[in-house]
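So that you can map any letter, position 74 of the sequence shown is 1405 in the working numbering, and since no number is skipped, the others follow by simple counting.
Cβ atoms here follow ideal geometry from the backbone N, Cα and C, with glycine treated the same way.
Report on one structure; see the data block that follows.
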Amino acid sequence: MKPYSRGMKEITAPPELTDRIISNVLREKGQSGRTGFHWRGRFRLRIALAGSLTLIILPIILLLYRDTSTGPGKLQVWRDIFAVTVYAADGAPQQVKPEIAFPIGNYRVTNSRAPGFPILITAEGADEIKLMTTQGSFLRWNPPDYKVYPLGTEADLEPGEIIYWSPMLEDKLQSAASQSELTLIAYHNHNVISKSLILIREDNQGVFAGEWIEAE
């Protein structure tokens, strides 16, 4: 609200405008009877002046408030926009909670049934979601053909679409990342509306865990 407060302080009526309003009121007063100003006249003048300035300033205030509370440059609270679901080894979905560590599972190239970890992401009010990973890669692996489609370190998807993150490094197929940062970006009409991060780490037992946090 700081930009709003600054904008409120800067709103002043120009001296020319104030003089013109007073002149108009005086002219009308003179035409209705040149009896001079008494206390009732001064009171009516103040009311007329206040009303005129209110009509001028009120739209400016509303415009300032709208510009400082919404718009393409104002990111919305990530935990109110995104919803993240991961899946256990048996396929059971698990709703991810903000800022609480969650298990993803273990991953072995030789014995894993899926080519990576499935993640389902939705974003309220978004028409597109962009994902980026610092290590590993994204891929699609869905019915009916269950063919692996590599996507690299960045992927665009529709809200509600399942995507897989694999710890396998693109340039080193025999090596796997032990940690990564997944960046989630929600768009509406090509404007960014929210961002968040998923931190992924592997422990000594080969089990991956994640934590969903706010993007810096």
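Terminal residues of the continuous beta strand (DSSP E) containing residue i?
| i | result |
| --- | --- |
| Trp-1543 | 1538 to 1545 |
| Pro-1424 | 1424 to 1426 |
| Glu-1459 | 1459 to 1464 |
| Leu-1530 | 1522 to 1533 |
| Gly-1483 | 1480 to 1483 |
| Ser-1511 | 1510 to 1519 |
If we count the other Cβ atoms within 10 Å of its Cβ and call it buried at 16 or more, is residue i buried or exposed?
| i | result |
| --- | --- |
| Ile-1435 | buried |
| Gly-1447 | buried |
| Ser-1318 | Because the chain in this structure spans residues 1332 to 1547, residue 1318 falls outside the shown range and cannot be described. |
| Gln-1510 | exposed |
| Pro-1498 | buried |
| Tyr-1477 | exposed |
| Gly-1467 | buried |
| Ala-1486 | buried |
If I measure Cβ to Cβ from residue i and keep anything under 6 Å in the same chain, skipping five residues before and after, which residues do I get?
| i | result |
| --- | --- |
| Ala-1517 | Ile-1412, Ala-1454, Ala-1457, Ile-1460, Ile-1524 and Ser-1525 |
| Ile-1529 | Leu-1513, Gly-1541 and Trp-1543 |
| Thr-1464 | Thr-1484, Ser-1511 and Leu-1513 |
Identify, in the order they occur along the chain, each residue of the same chain with its Cβ nearer than 8 Å to the Cβ of residue i, setting aside the five sequence neighbours on each side.
| i | result |
| --- | --- |
| Arg-1471 | Val-1479, Tyr-1480, Leu-1482, Ile-1494 and Tyr-1495 |
| Asn-1520 | Asp-1458 |
| Pro-1424 | Thr-1416, Val-1417, Tyr-1418 and Leu-1451 |
| Asn-1535 | none |
| Leu-1500 | Gln-1466, Gly-1467, Ser-1468, Ser-1506, Ala-1507 and Ala-1508 |
Secondary structure at residue i, three-state DSSP: helix, strand or coil?
| i | result |
| --- | --- |
| Arg-1444 | coil |
| Trp-1472 | coil |
| Ile-1412 | helix |
| Ala-1454 | strand |
| Ile-1431 | coil |
| Glu-1489 | coil |
| Ser-1497 | strand |
CB-CB under 7 Å to residue i, same chain, minus the five flanking residues each way: which ones, in chain order?
| i | result |
| --- | --- |
| Gln-1426 | Thr-1416 |
| Gln-1407 | Ile-1524 and Ser-1525 |
Check your understanding: So does the segment 1537 to 1547 actually touch the segment 1417 to 1436, counting three or more Cβ pairs closer than 8 Å?
Key -> yes
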